[in-house]
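Residue numbers (this note's numbering), protein chains in the order written: chain C, 3 to 517; chain R, 3 to 517.
Just so it is clear, CB atoms sit at the ideal spot from N, CA and C, and this is done for glycine as well.
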């Protein structure tokens with residue numbers, strides 16, 4: 003047994019079941035060890051951003067880390083944009099990077115670079131194995147670090163000689179998420195606030211948005227009249243008919259400011275404080291009014307759901323049936339023009355029960371989010387870090403995590419181009435994902451921001467850098483080139499028919515909605 | 003005039019003529035400034051790796067930096083693999099990264115990350131503008147840093163408020179490459195070595211491989227019996243009929259060892275010492291015999307061509323007509339089977355005069371390199387840093403640099419998938435690039451390395467991670483989906499006809515060679 007074998011056995015013992023990889027020569031012994039470990043499914047991505055995004059999707063849906071296996075610094079660099087999104091989502095990932103043996107780095111071969119420095123900005127934990135014997139030990143440490151509260155990217159650098167040299171297996175039991183952190187929450191303060199008769203928002207984020215936290219928050223809200231809020235881009239919304247209503251803050255800061263101005267106090271659970279996505283000249287940076295009283299009931303490292311349960315208990319409502327959203331599908335849209343609004347209505351009408359939605363639809367998707375409010379219960383995964391190219395990979399990982407569920411990917415065409423290679427992995431693994439490309443042939447959000455910044459009659463040369471036309475992308479050909487059947491729709495009826503068929507038939511499909 | 007305007011004016015005054023971008027909201031004022039600066043051509047890439055790779059290709063062909071303009075940490079991360087290759091190539095690039103205003107970073111908005119740390123491993127110079135007034139000053143400093151010896155990636159971080167705040171223009175003249183560095187070369191030692199009657203290699207790298215250095219080296223070699231060598235992957239070979247012969251070291255270390263064992267001494271000019279690309283268990287790490295006497299005539303920071311000219315002078319051969327390669331095209335290949343060898347022969351037969359070849363053909367391209375030895379003079383650009391996904395972007399940048407020349411991209415299918423978005427930029431800018439996809443439907447180099455590592459009967463699960471089949475990629479559809487006309491060939495005749503047509507007709511084309 004070599005170090006690679008000992009590592010993969012330890013990771014499997016600890017509970018890793020999936021490894022997403024694009025390996026190179028420095029990872030060959032690790033790949034060989036994966037081949038001998040039947041408990042870990044190994045999935046190839048044709049670009050590393052597919053691997054990291056899929057690991058993010060898997061982690062969001064299971065709460066468990068997938069492993070990635072990447073080729074030195076450049077492999078890590080290619081994975082990094084989606085690791086950035088995963089970091090913002092608090093997703094556990096065990097990020098394995100093959101490297102040259104330390105002795106060979108002295109020769110500064112072409113692929114050498116400073117991997118530890120590269121990894122730091124996206125990782126909560128970075129280490130390098132010191133020997134073959136140390137490799138499985140560090141693998142376990144990486145799993146434990148990944149499963150902290152909040153989850154994080156744990157990067158383990160594996161010099162090739164640590165993988166190929168002899169090692170003994172180590173004893174490992176299943177590794178669980180960090181032991182329940184006892185809330186240091188100031189319940190009394192929260193109770194006082196909720197009884198003060200001041201309009202109150204309960205801002206949920208991260209794990210507090212999953213069902214237990216959400217239902218506890220709904221009981222509290224129902225009793226106190228508080229409103230459940232979230233930031234715009236949550237890692238995972240559990241939503242739909244029968245689930246409590248969460249009002250997410252608008253994207254544009256002036257609208258978020260207006261929304262937040264309704265509340266004199268804010269109770270924060272596992273969420274970052276609301277902030278503007280971007281800064282603008284001559285505008286205040288803060289979206290939260292300075293007079294708003296903020297009480298952090300649970301920080302990101304605390305068990306927010308447990309804090310909410312304790313708060314519900316303190317308010318005497320721990321058994322109350324919380325308010326929930328009524329089942330309601332939108333009416334079939336009239337007219338034939340395919341707009342963001344009519345498209346959203348069709349999605350609201352057709353979203354399958356228990357679906358998972360991976361949403362990187364940008365400017366076009368807001369209507370779909372609203373139109374699915376009363377659809378059957380489902381999960382909705384957002385672009386957490388703002389780095390486009392997340393949607394299709396996260397959908398891929400969600401499908402690997404939940405093979406019995408339908409995955410719907412709502413994807414703008416600009417972001418789709420970043421990591422379109424993920425479609426091939428969906429085809430190879432026969433994943434049940436339907437991708438809708440919102441094809442508006444531009445980076446529309448940029449054109450909106452351009453107006454907001456005061457460029458009311460922008461030069462053609464500016465518009466050109468925000469335009470995907472000339473030539474138009476042919477998404478049917480691109481999808482088919484990657485092995486995914488595809489169809490384009492220009493009308494509401496055409497889109498509805500295409501989406502129905504795609505959702506009805508197992509396996510990957512792509513529907514281009516030409517707006 | 004704001005900081006962005008002052009920056010772009012200063013860069014244009016300094017001699018920047020091209021900016022490759024995929025901008026976001028934090029770069030809008032910089033894009034607007036570009037629109038007002040007619041001396042800088044602005045080209046959109048649909049993924050940042052296209053931008054950085056194209057900047058590399060432009061810099062290799064012109065010796066001048068292009069600018070990139072990228073969106074915060076994730077945009078930089080996406081560009082990084084090709085910046086790694088550019089770093090290894092010694093290419094000058096002015097790498098502009100938009101960021102949030104410093105005041106907004108305090109809010110830790112979703113897109114924030116530690117950009118300076120991320121940039122360090124690929125940059126020779128990293129700074130952040132401190133104010134709008136400082137922005138053009140730092141832009142000039144970045145250009146000067148990029149144009150050092152060797153060329154390097156100079157990263158300038160631009161907080162958005164530095165771009166949008168008022169600033170005054172600064173006075174800038176054309177910025178040239180670092181003043182000719184006077185050689186500190188030990189000429190006398192080189193002369194002694196060349197007269198010692200010991201077999202001698204002259205190892206050229208970087209700028210010493212361009213025509214002036216090469217011709218001086220050829221005069222020296224002819225006089226002394228020395229042999230001109232290079233490392234396997236040079237940034238740019240100037241080669242073909244009428245140019246001196248350079249023998250490049252083989253890729254596999256045991257073959258390089260054998261080759262180098264022929265020489266008792268090595269004179270090094272602007273080159274890194276030969277090293278194995280990867281390390282292997284139970285094999286020596288060094289390819290250079292310990293008994294070989296090494297004399298560095300010019301390090302990477304010295305003017306190697308000037309050193310070689312001085313050495314030729316010292317040997318009294320500065321006016322001698324150097325040996326050069328005779329014009330010779332390969333015979334048309336017999337048989338109809340499309341193999342790496344027959345494919346190479348067709349390329350050797352058809353390569354246009356004064357072509358630029360961007361080579362990321364991996365295992366399939368060695369034959370083409372040999373078969374073009376006596377083709378009309380041309381440039382050959384290699385994968386310098388081993389990070390795949392360079393070929394198509396570098397071809398794109400070379401075509402932007404040299405619109406009057408034919409560009410031929412020899413590209414393996416594995417690497418092509420990394421940055422296929424570059425084809426769209428070729429279509430949009432109507433660049434005269436013909437891309438040949440060597441379609442063997444696998445990461446063949448990995449399967450070779452697997453055997454070399456002793457996995458003689460590898461498990462299917464291992465092979466699966468090195469295989470691009472199931473489903474096969476349809477490169478004709480992928481290219482057409484990106485706006486580039488494409489055709490596939492399975493036979494020698496079919497390939498020859500397709501390549502002839504593609505080279506004859508201006509604009510981008512893609513030919514799939516199904517091996």
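Item, Value
"Just how far apart, CA to CA, sit residue 236 of chain R and residue 495 of chain C?", "56 Å"
"Pull up the distance between the alpha-carbon of residue 413 of chain C and that of residue 239 of chain R, whole angstroms please.", "43 Å"
"Keeping to the same chain, check which residues put their C-beta closer than 6 Å to that of residue 99 of chain C; ignore five residues upstream and five downstream.", "72, 78, 117, 159"
"Where DSSP assigns a beta bridge to residue 294 of chain C, which residues make up the other side?", "Answer by DSSP bridge pairing: none, since residue 294 of chain C is not bridged."
"Indicate the three-state DSSP secondary structure (helix, strand or coil) for residue 516 of chain C in the structure shown.", "strand"
"List the residues of chain C whose Cβ lies closer than 7 Å to the Cβ of residue 57 of chain R, in chain order.", "Per Cβ cutoff of 7 Å: no residues; residue 57 of chain R is ~16 Å from chain C at best."
"Restricting to Cα atoms, I'd like to know which of R:166, R:502, R:171, R:125 is closest to residue 154 of chain R.", "R:125"
"In terms of alpha-carbon separation, which member of C:387, C:366, C:392, C:357 lies closest to residue 405 of chain C?", "C:357"
"With DSSP run on the structure shown, which of helix, strand or coil describes residue 411 of chain R?", "strand"
"Just curious, the alpha helix (DSSP H) that residue 52 of chain R is in, first and last residue?", "50-64"
"So, at 7 Å on beta carbons, what are the nonlocal neighbours of residue 111 of chain C in its own chain, with the 5 sequence-adjacent residues on each side left out?", "102"
"Would you say residue 46 of chain R lies against chain C (beta-carbon separation less than 7 Å)?", "yes"
"Find out if the Cβ-Cβ distance for the pair residue 95 of chain R, residue 67 of chain R is shorter than 7 Å.", "yes"
"Would you mind working out which of C:120, C:36, C:162 sits nearest residue 28 of chain C, comparing C-alpha positions?", "C:162"
"Taking one C-beta from the region 461-475 of chain R and one from the region 430-450 of chain R each time, how about it: are there three or more such pairs within less than 8 Å?", "yes"
"Can you give me, in chain order, the residues of the region 372-383 of chain C that have a beta carbon less than 8 Å from any beta carbon in chain R?", "none"
"Between R:275, R:424, R:105, R:336, which lies nearest to residue 287 of chain C when the distance is taken from Cα to Cα?", "R:105"
"Would you mind working out which of C:166, C:379, C:401 sits nearest residue 1 of chain C, comparing C-alpha positions?", "Residue 1 of chain C cannot be examined here, being either before or after the span of chain C that is shown, 3 to 517."
"Can you tell me where the beta strand (DSSP E) holding residue 73 of chain R begins and where it ends?", "68-73"
"Residue ranges of each alpha helix (DSSP H) run of no fewer than 4 residues wholly in the region 246-297 of chain C, ordered along the chain?", "255-262"
"For residue 196 of chain C and residue 202 of chain C, what's the separation of their Cα atoms in angstroms?", "7 Å"
"Along chain R, which residues have their Cβ under 9 Å away from the Cβ of residue 235 of chain C?", "112"
"Taking the Cβ atom as the reference point for each residue, do residue 450 of chain C and residue 424 of chain C lie within a distance shorter than 7 Å?", "no"
"At a Cβ cut of 8 Å, what residues of the region 231-256 of chain R count as close to chain C, listed as they run along the chain?", "235"
"For residue 325 of chain C and residue 299 of chain C, what's the separation of their Cα atoms in angstroms?", "22 Å"
"Listing by chain order, which chain C residues have their CB less than 9 Å from the CB of residue 423 of chain R?", "419, 420, 422"
"Which chain R residues sit within Cβ distance under 7 Å of residue 115 of chain C?", "86, 123"
"For a contact defined as C-beta to C-beta under 7 Å, what are the partners of residue 166 of chain R on chain C?", "283"
"Measuring alpha carbon to alpha carbon, tell me which residue in R:75, R:234, R:121 is nearest residue 367 of chain R.", "R:234"
"Please report the residue range of the beta strand (DSSP E) in which residue 159 of chain R lies.", "155-161"
"How is residue 167 of chain R classed by DSSP in three states: helix, strand or coil?", "coil"
"Using 8 Å as the Cβ pair cut-off and three pairs as the minimum, do the region 163-178 of chain C and the region 129-141 of chain C touch?", "yes"
"If contact is defined by three or more beta carbon pairs under 8 Å, each pair taking one atom from either stretch, is the region 472-489 of chain R in contact with the region 502-512 of chain R?", "yes"
"In the DSSP assignment, the beta strand (DSSP E) including residue 491 of chain R goes from what residue to what residue?", "488-491"
"Are there three or more Cβ pairs, one per stretch, closer than 8 Å when the region 49-65 of chain C is compared with the region 18-25 of chain C?", "yes"
"Which whole-angstrom value describes the C-beta separation of residue 401 of chain R and residue 409 of chain R, a residue pair presumed to lie in contact below a C-beta threshold of 8 Å?", "5 Å"
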